[in-house]
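Residue numbering for the sequence shown is 33 to 226, as defined by my numbering.
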Amino acid sequence: MSDADRIVEFGYEVGQLKRLPRAGWLFAGVQHPESVAAHSFRVGVLAYAIAVQEGANPDRAATLGLFHDVPEARTGDIPYVGKLYLDVKVPPEAVARDQVQHLPAPLAAHIEALVAEHEAAKDIGHTPEARCSRDADKLELLLQAREYQAAGVSKMERFIQTMQAAVVTDTGKALLDSALRIAPSEWWEAFGRR
Numbered sequence: 033m034s035d036a037d038r039i040v041e042f043g044y045e046v047g048q049l050k051r052l053p054r055a056g057w058l059f060a061g062v063q064h065p066e067s068v069a070a071h072s073f074r075v076g077v078l079a080y081a082i083a084v085q086e087g088a089n090p091d092r093a094a095t096l097g098l099f100h101d102v103p104e105a106r107t108g109d110i111p112y113v114g115k116l117y118l119d120v121k122v123p124p125e126a127v128a129r130d131q132v133q134h135l136p137a138p139l140a141a142h143i144e145a146l147v148a149e150h151e152a153a154k155d156i157g158h159t160p161e162a163r164c165s166r167d168a169d170k171l172e173l174l175l176q177a178r179e180y181q182a183a184g185v186s187k188m189e190r191f192i193q194t195m196q197a198a199v200v201t202d203t204g205k206a207l208l209d210s211a212l213r214i215a216p217s218e219w220w221e222a223f224g225r226r
């Protein structure tokens, strides 16, 4: 099998994320939750913006955001409540290692490193880019919760409060404050009036 074949197979596997719903929203009564891929896209965009404002490398932060949930193509999106009942907790880095083992070595090493760097930021340490990506992950969830709230889903406060405590960068905190103040529809309601 050629390197191109292996990369295409990986592309198909990652495509599963387009069809995989974010499972935590189901507990709040969201009928058709966003996909993991949709979540990861906005995480990448937000990570880029946060990194620019924080003086970190925006390309690296965005790439971390895009790749952070790639292991979920194999594990599914396991909500917090589900993780409490799992006997085996396989770290995302180990899943990523399995996912990329047949890819060309340089590509496999890059993807493994991306997932590991993002995961290492859970302890608020590691790289500035990983902190930006982790904040973007939390902010994306908050934005999505606000959008679901605006669409009539009432049980979003717990998601919002949890994310408020999780953001660590100054830019992330400023964005969080703005997200709590600005309605999800405000960007288009004001379009052309600014």
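Ideal Cβ positions, reconstructed from N, Cα and C, are used throughout, including at glycine.
Put simply, the region 83-91 does not touch the region 117-137. Fewer than three CB pairs are less than 8 Å apart. With fewer than 16 other CB atoms across the displayed protein chains lying within 10 angstroms of its CB, TRP220 is exposed.
Looking at the backbone, the Cα of MET33 and that of LYS50 are separated by about 26 Å. Contiguous alpha helix (DSSP H) elements confined to the region 76-103 occur at 90-99, taking only those with 4 or more residues. Buried is the label assigned to VAL75, since at least 16 other Cβ atoms lie within 10 Å of its Cβ.
Straight-line measurement puts the Cα of ALA128 at about 41 Å from the Cα of PHE223.
Under the Cβ criterion (8 Å, minimum of three pairs), the region 173-181 does not count as touching the region 143-155.
Residue burial annotation: THR201 is buried, with at least 16 other C-beta atoms found within 10 angstroms of its C-beta.
If you look at GLY47, you'll find it in the alpha helix (DSSP H) that goes 35-51. Cβ neighbours of ARG38 within its own chain (closer than 6 Å, five residues either side excluded): HIS134, LEU135.
Distances from the CA of ILE192 to each of GLY184, GLY204, ALA183, LEU212 were compared; the closest alpha carbon is that of LEU212. TYR80 is the residue among TYR80, GLY47, VAL102 whose C-alpha sits nearest the C-alpha of ARG92. Counting the other Cβ atoms within 10 Å of the Cβ of GLU151 gives 16 or more, which makes it buried. Its chain contains THR159, ALA162, ARG163, SER165, ARG166 as the residues whose beta carbon lies nearer than 8 Å to that of ALA153, once the 5 sequence neighbours on both sides are disregarded; these appear in chain order. Counting of Cβ neighbours within 10 angstroms places ASP101 among the buried residues, the total reaching 16 or more.
Under DSSP, SER67 forms a beta bridge with PRO53. Under the 10 Å beta carbon count, PRO65 is surrounded by 16 or more other beta carbons and is classified as buried. If you check the CB distance, ILE110 and ALA55 come in under 9 Å.
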